[in-house]
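Visitor:
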Amino acid sequence: PHYFSLSEEEVQGYDTNTKINPPLRTKDDIKALCEGLADGTIDCIASDHAPHLDVEKDLEYNIAPFGIIGLETMLPLIFTNLVSKKILNLNQAIAKLTVNPANILGLEKGSLSIGSDADLTIIDLNLKKKIGNEFTSQSKNSPFIGMELKGFPVTTIVGGKVVMKDGKLV
Numbered sequence: 002p003h004y005f006s007l008s009e010e011e012v013q014g015y016d017t018n019t020k021i022n023p024p025l026r027t028k029d030d031i032k033a034l035c036e037g038l039a040d041g042t043i044d045c046i047a048s049d050h051a052p053h054l055d056v057e058k059d060l061e062y063n064i065a066p067f068g069i070i071g072l073e074t075m076l077p078l079i080f081t082n083l084v085s086k087k088i089l090n091l092n093q094a095i096a097k098l099t100v101n102p103a104n105i106l107g108l109e110k111g112s113l114s115i116g117s118d119a120d121l122t123i124i125d126l127n128l129k130k131k132i133g134n135e136f137t138s139q140s141k142n143s144p145f146i147g148m149e150l151k152g153f154p155v156t157t158i159v160g161g162k163v164v165m166k167d168g169k170l171v
């Protein structure tokens, strides 16, 4: 999600929370990426969740490790930057996170049907929040802190059991 949400301009301040590999690209590259998502050239969206301890990222830019956390901001970034802007509709966005990766990997996942695993995430598409640094991940290395996003998961069910409710692990 950071590749369609941030451009290389964010790196100019040398914030190590923008240091990722491959690096952030131009706004034209973001436009091309969004076009590829919209026309189906790109089948999937992944989080690229790469947590680092604060002490690892609190270094000079050239020696800090590459990577940012992505899992907890993935859905709101998709809904704020792709669905709300009508680059993808809701069904396309969900498919790029569920059915498409499952099909590519040959997994019987990504569908709601009899006999399928009871894995489900309920999303409040109208829920807006300002991203703070209160993440479930042990890491806080996110360039999205301070941004207002919408479309947050409110409940996650895995194997028929609620594992997350109202943003908190159960």
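Residue numbers for the sequence shown, in this note's numbering: 2 to 171.
Virtual Cβ for every residue (Gly too), placed ideally from N, Cα, C.
Quick one: any contact between the stretch 17–30 and the stretch 58–76, if contact means 3 or more CB pairs under 8 Å?
Guide: yes
Visitor: Cα separation between L78 and T27?
Guide: C-alpha separation (whole angstroms): 18 Å.
Visitor: Can you confirm whether the stretch 94–107 touches the stretch 131–145 when touching is taken to mean that 3 or more C-beta pairs between the two stretches lie within less than 8 Å?
Guide: no
Visitor: With DSSP as the reference, label M148 as helix, strand or coil.
Guide: coil
Visitor: Any C-beta of chain B sitting closer than 9 Å to the C-beta of V155?
Guide: Structure shown: chain B not included; a single protein chain is present.
Visitor: Kindly provide the ranges of any alpha helix (DSSP H) runs that are 4 or more residues long and lie completely inside the stretch 17–101, ordered along the chain.
Guide: 28–40, 55–58, 72–79, 91–98
Visitor: Could you tell me the distance, in whole angstroms, from the CA atom of K162 to the CA atom of T122?
Guide: Cα to Cα, K162 sits roughly 11 Å from T122.
Visitor: Look at the alpha carbon of A119 and the alpha carbon of V164, and state the distance between them as a whole number of angstroms.
Guide: 12 Å
Visitor: Apart from the five residues just before and just after D49, which ones in its own chain have a Cβ nearer than 6 Å to its Cβ?
Guide: For D49, where only same-chain residues beyond five positions count, the Cβ hits under 6 Å are G71.
Visitor: Quickly, what does DSSP pair I124 with across the bridge? List them, please.
Guide: Note: I124 sits in a beta bridge opposite P154.
Visitor: Going straight from the alpha carbon of G160 to that of Y15, what length do you get?
Guide: 42 Å
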